[in-house]
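*Asks:* Protein chains in written order, with the numbering used here: chain R, 2 to 54; chain V, 484 to 793.
Got a structure for you, questions after.
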Amino acid sequence: MGLAKEHEIHTRRLSRNLGVGLLLAFFVALVFGLTVVKVKVLDPKIAAQEVQQ
Amino acid sequence: MTDTSVLDQDKEAGFGDYVALMKPRVMSLVVFTALVGLLVAPVDVHPLVGFASILFIAIGAGASGALNMWFDADIDRIMNRTKGRPVPSGKVAAEEALALGVALSGMAVVMLGLTANLLAAGLLAFTIFFYAVVYTMWLKRWTPQNIVIGGAAGAFPPMIGWAAATGSITVESALMFAVIFMWTPPHFWALALFMKEDYSNAGVPMLTVTHGRRVTRNHILAYTLLLAPVALGLGMTSIGGPVYMVASLMMNLWFLKGAMDIQGRNEVQAVADGYKTEKAFFRFSLIYLFLHFGMLLVEATLRGFDMGGW
Numbered sequence: 002m003g004l005a006k007e008h009e010i011h012t013r014r015l016s017r018n019l020g021v022g023l024l025l026a027f028f029v030a031l032v033f034g035l036t037v038v039k040v041k042v043l044d045p046k047i048a049a050q051e052v053q054q
Numbered sequence: 484m485t486d487t488s489v490l491d492q493d494k495e496a497g498f499g500d501y502v503a504l505m506k507p508r509v510m511s512l513v514v515f516t517a518l519v520g521l522l523v524a525p526v527d528v529h530p531l532v533g534f535a536s537i538l539f540i541a542i543g544a545g546a547s548g549a550l551n552m553w554f555d556a557d558i559d560r561i562m563n564r565t566k567g568r569p570v571p572s573g574k575v576a577a578e579e580a581l582a583l584g585v586a587l588s589g590m591a592v593v594m595l596g597l598t599a600n601l602l603a604a605g606l607l608a609f610t611i612f613f614y615a616v617v618y619t620m621w622l623k624r625w626t627p628q629n630i631v632i633g634g635a636a637g638a639f640p641p642m643i644g645w646a647a648a649t650g651s652i653t654v655e656s657a658l659m660f661a662v663i664f665m666w667t668p669p670h671f672w673a674l675a676l677f678m679k680e681d682y683s684n685a686g687v688p689m690l691t692v693t694h695g696r697r698v699t700r701n702h703i704l705a706y707t708l709l710l711a712p713v714a715l716g717l718g719m720t721s722i723g724g725p726v727y728m729v730a731s732l733m734m735n736l737w738f739l740k741g742a743m744d745i746q747g748r749n750e751v752q753a754v755a756d757g758y759k760t761e762k763a764f765f766r767f768s769l770i771y772l773f774l775h776f777g778m779l780l781v782e783a784t785l786r787g788f789d790m791g792g793w
């Protein structure tokens with residue numbers, strides 16, 4: 002049996018797997034975005050630069 | 484249900500069934516009121532932080548919905564309105580609903596704490612505990628005042644949104660809480676008057692069943708009377724203003740008129756016109772809440788242009 006063989010369960014659970022996968026990718030992106038925002042707000046140098054601009 | 488239908492692949496839970504577990508319609512109200520609470524706060528919140536805060540509040544609300552579906556599967560199976568839900572219909576196992584609810588609750592609280600602040604996270608944790616344990620597990624099947632107490636859980640989101648922005652609880656956020664809290668009983672009891680669900684078969688003590696329809700009609704009027712000063716009082720705070728005040732005054736008068744009409748009717752009259760007054764009151768109650776929070780947004784927007792507010 003080849004490794005790439007599609008088991009019936011893969012097609013059956015496609016919507017679930019796809020949904021969870023997309024959600025996790027979105028969560029990673031969100032945490033990264035929040036990190037960037039928080040670092041900017043917490044870093045006085047960057048905050049001062051933004052005020053000057 | 485036949486034996487073969489249990490093995491039917493249509494029964495396999497898709498992604499949408501897990502979404503349904505989180506009660507998306509309740510979540511949409513939570514998102515709206517929490518968003519208003521966050522936007523009317525006199526603090527600038529970074530858009531991404533604001534978005535994430537609302538998202539985690541919504542996930543927390545959805546998680547408590549999943550916990551509710553886990554615990555209430557036995558009565559959901561009996562009532563027509565709820566027997567198509569993922570757990571009673573057999574698509575999702577009750578333990579899975581429990582696992583999803585617990586995991587998402589923890590995730591939402593921790594993430595809200597990291598995104599906004601600990602007060603907002605604490606309030607969200609308390610709301611989930613209140614809805615899942617105090618309401619669902621304890622009071623819902625024990626007292627006909629269950630609607631009143633359950634309303635408190637639905638009233639927390641604007642307070643959490645406000646806390647996420649300001650890090651505090653103030654008279655403004657307490658009054659936003661109070662408006663939803665006082666609004667919930669007349670809203671649901673009007674529904675209970677014309678939906679006539681088999682709550683009694685399910686063993687849920689609804690006021691219409693335990694104390695009768697006359698008492699329910701009186702209760703609707705009493706809560707509507709108590710709601711008016713709270714809604715108008717919110718307009719006197721820093722987030723209110725003349726636009727809110729005029730709109731609120733008109734809506735409260737109309738709501739009171741509806742409640743008085745309901746109180747002045749008996750079942751014979753209601754059956755005769757197919758619960759017309761009760762249905763109209765219920766429909767207006769949705770507009771009432773939506774417009775009250777909408778007007779707070781209008782005032783906040785006007786303040787941005789140095790108009791609005793007091």
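Idealized CB from N, CA, C, for every residue including glycine.
#1: How should R/Lys6 be labelled, buried or exposed, when 16 other C-beta atoms within 10 angstroms of its C-beta is the threshold for buried?
#2: Can you tell me where the alpha helix (DSSP H) with V/Val834 in it begins and where it stops?
#3: Our contact map puts V/Met510 next to V/Ala546 with C-beta atoms below 8 angstroms; I'd like the distance itself, whole angstroms only.
#4: How big is the Cα-Cα spacing for V/Met778 and V/Ser731?
#5: Can you name, in chain order, every residue of its own chain whose Cβ lies under 7 angstroms from the Cβ of V/His694, other than the five neighbours on each side?
#6: Output the residue ranges of the beta strand (DSSP E) runs that lie fully inside the region 491 to 524 of chain V and measure 3 residues or longer, sorted by chain position.
#7: Would you mind giving the Cβ-Cβ distance between V/Asp500 and V/Pro569, rounded to the nearest angstrom? I have them listed as a contact below 8 angstroms.
#8: Rounded to a whole number of angstroms, what is the C-alpha to C-alpha distance between V/Gly644 and V/Leu607?
#9: What residue does the alpha helix (DSSP H) around V/Lys740 start on, and which one ends it?
#10: Counting only beta-carbon atoms, is R/Leu35 nearer than 7 angstroms to chain V?
#11: Using a Cβ-Cβ cut-off of 7 angstroms, state whether V/Gln761 counts as contacting chain R.
#12: Report yes if the CB atom of V/Ala657 is closer than 7 angstroms to the CB atom of V/Leu602, and no otherwise.
#13: Whole angstroms is fine: what's the gap from V/Glu761's alpha carbon to V/Leu736's?
#14: To be precise: take each residue of the region 521 to 543 of chain V, compare its Cβ to all Cβ atoms of chain R, and keep it if any distance is under 7 angstroms. Which residues remain?
#15: So, using beta-carbon positions, are V/Ala599 and V/Ser683 closer together than 7 angstroms?
#16: V/Arg560: which of V/Tyr618, V/Ala661 and V/Ala685 sits nearest, CA to CA?
#17: Is the CB of V/Thr649 under 7 angstroms away from at least one CB in chain R?
#18: Any idea if R/Ala26 is buried or exposed, counting beta-carbon neighbours within 10 angstroms, 16 or more meaning buried?
#19: For R/Leu31, return the contacting residues in chain V, with the cut-off set at a CB-CB distance below 7 angstroms.
#20: With H, G and I counted as helix, E and B as strand and the rest as coil, what does DSSP make of V/Ala657?
#21: On the three-state DSSP scale, how would you describe V/His529?
#22: Name, please, each residue of chain R whose Cβ falls closer than 7 angstroms to the Cβ of V/Gly497.
#23: Report the residue from V/Leu709, V/Leu780, V/Phe515 and V/Ile611 whose alpha carbon sits nearest the alpha carbon of V/Gly633.
#24: Could you check which residue in V/Ala577, V/Val514 and V/Phe534 has the C-alpha nearest to that of V/Phe554?
#25: Could you name the residues of chain R that V/Thr598 contacts, counting a contact when the two beta carbons are closer than 7 angstroms?
#26: For a minimum of 4 consecutive residues, which ranges assigned as the alpha helix (DSSP H) are wholly contained in the region 543 to 586 of chain V?
#27: Flag R/Val40 as yes if its beta-carbon sits less than 7 angstroms from any beta-carbon of chain V, otherwise no.
*Replies:* On the basis of the coordinates in this document:
#1: exposed
#2: Residue 834 of chain V lies beyond the range of chain V shown here (484 to 793); nothing can be said about it.
#3: Actually they do not touch by this definition, with Cβ atoms about 10 angstroms apart.
#4: 9 angstroms
#5: Pro627
#6: none
#7: 4 angstroms
#8: 10 angstroms
#9: Pro725 to Gly747
#10: yes
#11: Here residue 761 of chain V is Glu; the residue named in the question, Gln, does not match the sequence. No, no contact with chain R.
#12: no
#13: 16 angstroms
#14: His529, Leu531, Val532 and Ala535
#15: no
#16: V/Ala685
#17: no
#18: exposed
#19: Ala535
#20: helix
#21: coil
#22: Ser16 and Arg17
#23: V/Ile611
#24: V/Ala577
#25: Leu35
#26: 556 to 559
#27: no
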